[in-house]
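Chemist: Please find one structure pasted underneath; my questions will follow.
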């Protein structure tokens, strides 16, 4: 079975540009999470969707960040405009209420560098 | 709020045993997870504890004491490929809060 799929795997952009990260969760999973990982702050939850509906976006740093989940198999995280401090690895994870403990499974991540 | 503590680094010899401790203070508890993360890769699920006691999965075991807010991950018969960061994570509701991770280095 395919795991969580993310694209692109690497993104290098210049300050002020728009960045869009994409995620395809595991088929049948009804929860989707976006995380950001940095050396300084570790893994932080940005936003949580359940059945395609945003439930908790309290971790989204500021209005420059937005996320959508138009259907059960696709989500995007957009940063506009991007800033150097947004440089990090962004992970998407999905889970199912049928799984033990609602275990979250992570995608390979997108390494974002903003120059 | 959530407070999850684990050691920053540990070093052990191939074939040995290493125990990674995790203490937590959280508002709400629905389970404790351990993830393994190799450098440059995604966290991968290792174990889940929701009741007190020991869960064993091959060379890896995880223990939980809810009253003490304490867990450990035991890695036995260490192999070079076990060199990685190990993340303790506590679930409260839908939210997973992660510790900073323990970097384990296995030496030959």
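Chains as they are written, first to last, in the numbering used here: chain A, 37 to 151; chain B, 517 to 624. Where is the CB? At the ideal position from N, CA and C, for every residue including glycine.
What are the start and end residues of the beta strand (DSSP E) that includes residue 104 of chain A?
Modeler: Numbered from its first residue, the first chain carries residue 104 of chain A at position 68. Element bounds for residue 104 of chain A: 101 to 107.
Chemist: Let's test the definition: count the other Cβ atoms within 10 Å of the Cβ of residue 531 of chain B and tell me whether it reaches 16, buried, or not, exposed.
Modeler: The count along the second chain starts at 1 and reaches residue 531 of chain B at position 15. That one is exposed.
Chemist: Considering just the uninterrupted stretch of the beta strand (DSSP E) at residue 46 of chain A, what are its terminal residues?
Modeler: The count along the first chain starts at 1 and reaches residue 46 of chain A at position 10. Note, residue 46 of chain A: beta strand (DSSP E), 46 to 49.
Chemist: Let me make sure I understand the geometry here. Which of A/145, A/80, A/111 has the alpha-carbon closest to that of residue 126 of chain A?
Modeler: Position 90 of the first chain, counted from the first residue, corresponds to residue 126 of chain A. Comparing Cα positions, the closest option is A/145.
Chemist: Could you tell me which chain A residues have their CB closer than 7 Å to the CB of residue 579 of chain B, listed as they occur along the chain?
Modeler: Indexing the second chain from 1 puts residue 579 of chain B at position 63. Those within 7 Å of residue 579 of chain B in chain A number zero; the least Cβ separation is about 16 Å.
Chemist: Near residue 549 of chain B, what residues of its chain come up, given a Cβ to Cβ distance below 6 Å and the 5 sequence neighbours on each side ignored?
Modeler: For the purposes of this step, residue 549 of chain B is taken as the residue at position 33 of the second chain. Around residue 549 of chain B: 564, 605.
Chemist: Rounded to whole angstroms, what's the CA-CA distance from residue 148 of chain A to residue 71 of chain A? Just pull it up for me.
Modeler: Here residue 148 of chain A refers to the residue found at position 112 of the first chain. Here residue 71 of chain A refers to the residue found at position 35 of the first chain. In a straight line, the C-alpha of residue 148 of chain A is about 13 Å away from that of residue 71 of chain A.
Chemist: So what does DSSP say about residue 478 of chain B, is it helix, strand or coil?
Modeler: The question about residue 478 of chain B has no answer, for chain B in this structure spans 517 to 624.
Chemist: Can a CB atom of chain E be found closer than 9 Å to the CB of residue 120 of chain A?
Modeler: Any reference to chain E falls outside this structure, whose protein chains are A and B.
Chemist: With DSSP as the reference, label residue 584 of chain B as helix, strand or coil.
Modeler: The sequence position of residue 584 of chain B within the second chain is 68, counting from 1. In the structure shown, residue 584 of chain B sits in coil (DSSP, three-state: anything other than H, G, I, E or B).
Chemist: Relative to the C-alpha of residue 77 of chain A, which residue among A/123, A/110, A/102 is closest?
Modeler: Within the first chain, residue 77 of chain A is the residue found at index 41, counting from 1. With distances taken between Cα atoms, residue 77 of chain A lies closest to A/123.
Chemist: Identify the residues that DSSP records as bridge partners of residue 92 of chain A: which are they?
Modeler: For the purposes of this step, residue 92 of chain A is identified with residue 56 of the first chain, where counting begins at 1. According to DSSP, residue 92 of chain A bridges with A/84.
Chemist: Would you decide whether residue 553 of chain B is buried or exposed? Buried here means 16 or more other CB atoms lie within 10 Å of its CB.
Modeler: Along the second chain, read from residue 1 onward, the residue named residue 553 of chain B stands at position 37. Buried: at least 16 other Cβ atoms inside 10 Å.
Chemist: Checking the sheet assignment: what are the DSSP bridge partners for residue 147 of chain A?
Modeler: Translated into the one-based positions of the first chain, residue 147 of chain A becomes position 111. Partner(s): A/46, A/125.
Chemist: Would you identify the three-state DSSP class for residue 521 of chain B, choosing helix, strand or coil?
Modeler: Translated into positions along the second chain, residue 521 of chain B becomes position 5. Three-state DSSP puts residue 521 of chain B in a strand.
Chemist: Does any residue of chain B have a CB that is nearer than 9 Å to the CB of residue 141 of chain A?
Modeler: Against the first chain, residue 141 of chain A aligns to sequence position 105. Yes, because at least one Cβ of chain B sits closer than 9 Å to the Cβ of residue 141 of chain A.
Chemist: On the DSSP bridge list, what partners appear for residue 41 of chain A?
Modeler: Against the first chain, residue 41 of chain A aligns to sequence position 5. According to DSSP, which records beta bridges pairwise, residue 41 of chain A is partnered with A/60.
Chemist: Report yes or no: is there a C-beta of chain B within less than 9 Å of the C-beta of residue 81 of chain A?
Modeler: Numbered from its first residue, the first chain carries residue 81 of chain A at position 45. It does: the Cβ of residue 81 of chain A has a partner Cβ on chain B nearer than 9 Å.
Chemist: So what does residue 579 of chain B bridge to, in DSSP terms?
Modeler: Residue 579 of chain B sits at position 63 when you count from the first residue of the second chain. DSSP, once it has assigned bridges, lists B/570, B/588 as partnering residue 579 of chain B.
Chemist: By the criterion of Cβ-Cβ separation under 8 Å, what are the contact partners of residue 84 of chain A in chain B?
Modeler: As a working mapping, residue 84 of chain A is identified with position 48 in the first chain. Per Cβ cutoff of 8 Å: 610, 611.
Chemist: Could you check if residue 595 of chain B is buried or exposed, using at least 16 other CB atoms within 10 Å of its CB as the buried criterion?
Modeler: Here the question's residue 595 of chain B lines up with position 79 in the second chain. Exposed, since its Cβ has fewer than 16 Cβ neighbours within 10 Å.
Chemist: Work out the CA separation of residue 613 of chain B and residue 85 of chain A for me, nearest whole Å.
Modeler: Taking the first residue of the first chain as 1, we reach residue 85 of chain A at position 49. Taking the first residue of the second chain as 1, we reach residue 613 of chain B at position 97. If you take the alpha carbons of residue 85 of chain A and residue 613 of chain B, they lie about 16 Å apart.
Chemist: Apply the 10 Å Cβ neighbour rule to residue 55 of chain A and answer buried if 16 or more other Cβ atoms are within range, or exposed otherwise.
Modeler: In the first chain, residue 55 of chain A corresponds to position 19, counting from 1. Classification of residue 55 of chain A: buried, given that the 10 Å Cβ count is 16 or more.
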